[in-house]
Amino acid sequence: MKEISAERLEIQQKIKEKIRTENSIVKQKPLAFVETYGCALNENDSEKLCGMLEDMGYGFCDRADAADLVIFNTCAVRENAELKVLGNLGKLKPVKKERPDLLIGVCGCMMQQAHIKEQIQKKYKHIDMVFGTHALYKFPEILDSARMGQKVFSTEDSEGEIAEGLSVKRESFPLAKVSVMFGCNNFCSYCIVPYVRGRERSRSPENILAEVSALAKEGFKEVMLLGQNVNSYGNDLAGDGTSFAQLLKDVAKIDGIERIRFMTSHPKDISDELIDAIASEPKVCKQLHLPVQSGSDKVLHDMNRKYTRSEYLSKVEAVRKKVPDIVLSTDIIVGFPTETNEDFEDTISLLREVRFDTVYSFIYSPRVGTPAAKMPMALDEKEIHQNFEKMLSVQNEISREKNEAYPGSIQKVLVEGLSKTNPEFVTGRTDGGKIVNMKGNEELTGEIVEARITDCKTWSLTGEIIQR
Ligand code: 5AD
Ligand code: SF4
Numbered sequence: 103m104k105e106i107s108a109e110r111l112e113i114q115q116k117i118k119e120k121i122r123t124e125n126s127i128v129k130q131k132p133l134a135f136v137e138t139y140g141c142a143l144n145e146n147d148s149e150k151l152c153g154m155l156e157d158m159g160y161g162f163c164d165r166a167d168a169a170d171l172v173i174f175n176t177c178a179v180r181e182n183a184e185l186k187v188l189g190n191l192g193k194l195k196p197v198k199k200e201r202p203d204l205l206i207g208v209c210g211c212m213m214q215q216a217h218i219k220e221q222i223q224k225k226y227k228h229i230d231m232v233f234g235t236h237a238l239y240k241f242p243e244i245l246d247s248a249r250m251g252q253k254v255f256s257t258e259d260s261e262g263e264i265a266e267g268l269s270v271k272r273e274s275f276p277l278a279k280v281s282v283m284f285g286c287n288n289f290c291s292y293c294i295v296p297y298v299r300g301r302e303r304s305r306s307p308e309n310i311l312a313e314v315s316a317l318a319k320e321g322f323k324e325v326m327l328l329g330q331n332v333n334s335y336g337n338d339l340a341g342d343g344t345s346f347a348q349l350l351k352d353v354a355k356i357d358g359i360e361r362i363r364f365m366t367s368h369p370k371d372i373s374d375e376l377i378d379a380i381a382s383e384p385k386v387c388k389q390l391h392l393p394v395q396s397g398s399d400k401v402l403h404d405m406n407r408k409y410t411r412s413e414y415l416s417k418v419e420a421v422r423k424k425v426p427d428i429v430l431s432t433d434i435i436v437g438f439p440t441e442t443n444e445d446f447e448d449t450i451s452l453l454r455e456v457r458f459d460t461v462y463s464f465i466y467s468p469r470v471g472t473p474a475a476k477m478p479m480a481l482d483e484k485e486i487h488q489n490f491e492k493m494l495s496v497q498n499e500i501s502r503e504k505n506e507a508y509p510g511s512i513q514k515v516l517v518e519g520l521s522k523t524n525p526e527f528v529t530g531r532t533d534g535g536k537i538v539n540m541k542g543n544e545e546l547t548g549e550i551v552e553a554r555i556t557d558c559k560t561w562s563l564t565g566e567i568i569q570r
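Residues in the sequence shown are numbered consecutively from 103, following my numbering.
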């Protein structure tokens with residue numbers, strides 16, 4: 103994979119230093135507000151934006167109307183996320199009128215769509231910077247132009263390059279997100295990701311291992327390896343043929359890293375090698391997110407998912423055979439255009455058959471330019487909402503029953519910090535990724551403790567620490 107050259111990154115470095123000097127002579131440190139929509143990959147991109155902002159001498163605040171610079175890092179996967187961004191941009195219009203010095207930027211997946219770019223250009227004239235996912239590394243240059251009063255539109259398509267070595271500001275200690283690949287080649291018929299994120303590009307194993315080693319030295323205990331489809335990690339590399347399973351094993355060799363999770367796996371190409379790595383490598387968490395999307399063969403075909411219901415069930419069986427205590431989660435789309443009530447019942451029966459621990463469910467949202475957006479709808483909105491509610495109630499009961507198996511057991515929990523709702527409690531996760539709330543103080547953050555589980559809810563467990 104081609105990386106962005108050192109010379110091009112050096113230009114950005116120089117601009118960062120220039121802005122840092124400018125910011126150091128103003129009386130008050132300028133404040134940035136960065137809001138992220140969408141998935142963990144987007145969150146990781148925002149951590150890079152914040153890393154660059156910190157290098158340029160910006161501080162941070164948590165309200166758009168108190169900031170000198172506002173950035174929305176957007177998501178295009180569903181319409182409701184887009185509407186939220188457009189609404190929030192609209193709200194900034196009077197703020198910009200009152201404070202013309204306020205700089206406003208929008209970036210991320212939404213900005214890689216031609217119709218959105220056009221809409222922003224025509225109707226949101228108070229925006230100073232528009233840049234897409236491929237221009238992230240050029241943020242210092244974009245910001246510099248905006249600070250000099252120029253409007254910037256940088257939404258070109260990718261040349262398939264990867265920017266290494268960007269600063270990353272992580273607020274998630276002791277957990278760290280590490281993107282291992284970008285883009286997707288699958289073209290599921292409903293999904294915008296391949297259009298806005300481009301083709302699959304894997305980072306080299308050396309760069310990933312160097313990043314994780316540095317995180318371990320900083321004291322991070324858990325890494326989440328991210329990609330739209332981690333099973334095809336490395337397929338585009340002309341390197342030594344490192345597979346994702348091999349990458350997991352190599353990351354596991356890094357001292358100090360205690361837990362490794364990853365997302366997302368595509369059921370069609372989850373390999374025996376990967377299942378074996380989960381089974382045999384103690385640091386790889388016994389947790390798997392395996393999006394099924396639908397339980398109907400007809401719908402799976404129309405979605406271009408490239409597996410059948412029975413092939414999916416065989417994969418789950420293979421995983422459970424080797425890793426009996428695996429915690430399984432999935433994604434479901436309700437109301438895909440060709441989904442009838444009968445197809446929907448196939449999804450319900452699949453949920454009952456597999457008994458996932460957690461299901462992330464979405465109502466289908468047509469995306470401009472995807473094949474599914476041109477398909478006629480089998481069900482009306484009311485029926486789709488009824489089905490969605492039914493799915494939630496079926497799954498909530500299963501999730502609750504799954505959690506009921508935990509009280510009485512002893513679990514190793516990595517403490518992530520104080521509970522947001524009760525300052526006498528800390529919160530953390532089991533190896534399988536279940537949230538556990540326990541009495542304790544902030545000093546436990548980053549420690550793996552042994553907890554006896556005393557109670558459970560649909561979404562979390564309660565426990566008491568028995569050993570640090
Ligand atoms: N509408 C609804 N849900 C979608 N997803 C992706 N595209 C759409 C869409 N157009 C869901 C899928 C995917 C998850 C990240 O988002 O379930 O796995
Ligand atoms: Fe979208 Fe399918 Fe790629 Fe996932 S695998 S990002 S759903 S196209």
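From the three backbone atoms N, C-alpha and C, an ideal C-beta is built for every residue, glycine too.
Under the rule that 16 or more other beta-carbon atoms within 10 Å means buried, what is R180, buried or exposed?
By the 10 Å Cβ count, R180 comes out buried.
Between the C-alpha atoms of V515 and Q221, what's the straight-line distance to the nearest angstrom?
Distance between the alpha carbons of V515 and Q221: 47 Å.
Quick one, are the C-beta atoms of V270 and K129 less than 7 Å apart?
Their beta carbons are not under 7 Å apart, which means V270 does not touch K129 by this criterion.
Would you list the residues sitting across from F135 in a DSSP beta bridge?
Partner(s): V172.
Could you check if N288 belongs to the surroundings of ligand 2, using beta carbon to heavy atom distance under 6 Å?
Answer for N288: yes, Cβ within range of ligand 2.
Grouping DSSP H, G and I as helix and E and B as strand, with all else coil, what is Y648?
Because residue 648 is not part of the residues shown, which for the chain are 103 to 570, the question remains open.
Taking 6 Å as the cut-off, does the CB of Q330 come closer than this to any heavy atom belonging to ligand 2?
Yes, since a heavy atom of ligand 2 falls inside the 6 Å radius drawn around the Cβ of Q330.
Decide if V436 is buried, meaning its Cβ has at least 16 other Cβ atoms within 10 Å, or exposed.
By the neighbour-count rule (16 or more Cβ atoms within 10 Å), V436 is buried.
List in chain order: all unbroken alpha helix (DSSP H) runs of 4+ residues lying wholly within the region 224 to 291.
Taking only runs of at least 4 residues, the alpha helix (DSSP H) segments lying wholly in the region 224 to 291 are 241 to 249.
Since C209 is in the alpha helix (DSSP H), which residue starts that stretch and which ends it?
Careful: C209 lies outside any alpha helix (DSSP H), inside the beta strand (DSSP E) at L205 to G210.
Which residues bound the alpha helix (DSSP H) around C152?
Taken as a continuous stretch (DSSP letters only), the alpha helix (DSSP H) holding C152 covers A142 to D157.
Answer yes or no: do D433 and P468 have a C-beta to C-beta separation smaller than 7 Å?
No, they are not a contact pair.
Which runs of the beta strand (DSSP E) fall wholly inside the region 424 to 502 and span at least 3 residues, in chain order?
As far as the region 424 to 502 is concerned, its whole beta strand (DSSP E) runs of at least 3 residues are 429 to 436 and 460 to 465.
Pull up the distance between the alpha-carbon of L111 and that of K240, whole angstroms please.
The alpha-carbon atoms of L111 and K240 are separated by roughly 8 Å.
In terms of alpha-carbon separation, which member of F135, C152, D157 and A178 lies closest to I117?
It is D157.
Which same chain residues end up closer than 6 Å to M479 when comparing Cβ atoms and leaving out the 5 residues on each side of it in sequence?
For M479, where only same-chain residues beyond five positions count, the Cβ hits under 6 Å are P439.
By Cβ distance below 6 Å, which residues in the same chain neighbour T344 in space, the five residues on each side in sequence not counted?
These residues qualify, in order along the chain: P307 and G336.
Using CA coordinates, which residue listed in E266, L238 and M477 is at the minimum distance from F255?
Of the candidates E266, L238 and M477, the one whose C-alpha sits nearest the C-alpha of F255 is L238.
Quick one, which of E455, V538 and L402 has its alpha-carbon nearest K522's?
Closest by alpha carbon: V538.
Strictly by DSSP, which residues pair up with M405?
Partner(s): none; M405 has no beta bridge.
Verify whether the separation of the beta carbon atoms of E105 and I264 is less than 7 Å.
Contact flag set, yes.
Out of curiosity, what's the CA-to-CA distance linking E324 and L350?
Straight-line Cα distance between these residues: approximately 13 Å.
I'd like the span of the alpha helix (DSSP H) that includes E127, first residue to last.
Residue identity check: residue 127 is Ile in the sequence provided, not Glu. Run containing I127: none; DSSP gives neither H nor E here.
Report back the beta-carbon spacing between V456 and V425 to the nearest angstrom; my notes put them in contact at under 8 Å.
About 14 Å; that fails the 8 Å criterion.
Can you name the residues that DSSP bridges to D557?
Per DSSP, T564.
Using CA atoms only, rank isn't needed, just tell me which of C163, E273, A318 and K279 is closest to N146.
Of C163, E273, A318 and K279, the residue nearest in Cα terms is K279.
If you drop the 5 nearest sequence neighbours on each side, which residues of the same chain put their C-beta closer than 7 Å to that of S247?
Contacts found: V254.
Rounded to whole angstroms, what is the Cα-Cα separation between V528 and G542?
If I take the Cα positions, the gap works out to 5 Å.
For I173, tell me which candidate among V187, K193 and G207 has the shortest Cα-Cα distance.
Comparing Cα positions, the closest option is G207.
Going by C-alpha distance, which of M250, T257, Q223 and P276 is nearest L546?
Of the candidates M250, T257, Q223 and P276, the one whose C-alpha sits nearest the C-alpha of L546 is P276.
Which residues does DSSP list as the beta-bridge partners of I537?
R531, per the DSSP bridge assignment.
Could you tell me if the beta carbon of C293 falls within a distance shorter than 6 Å of some heavy atom in ligand 2?
Checking every heavy atom of ligand 2 against the Cβ of C293, one is found closer than 6 Å.
Less than 6 Å separating the Cβ of H368 from some heavy atom of ligand 2?
Result yes, Cβ under 6 Å from ligand 2.
So the beta strand (DSSP E) V325 belongs to, where does it begin and stop?
Segment E324 to L328, the beta strand (DSSP E) holding V325.
Report all residues from its chain with a CB closer than 6 Å to the CB of F364; omit the five preceding and five following residues, and keep chain order.
Within the same chain, F364 has close Cβ partners L327 and V332.
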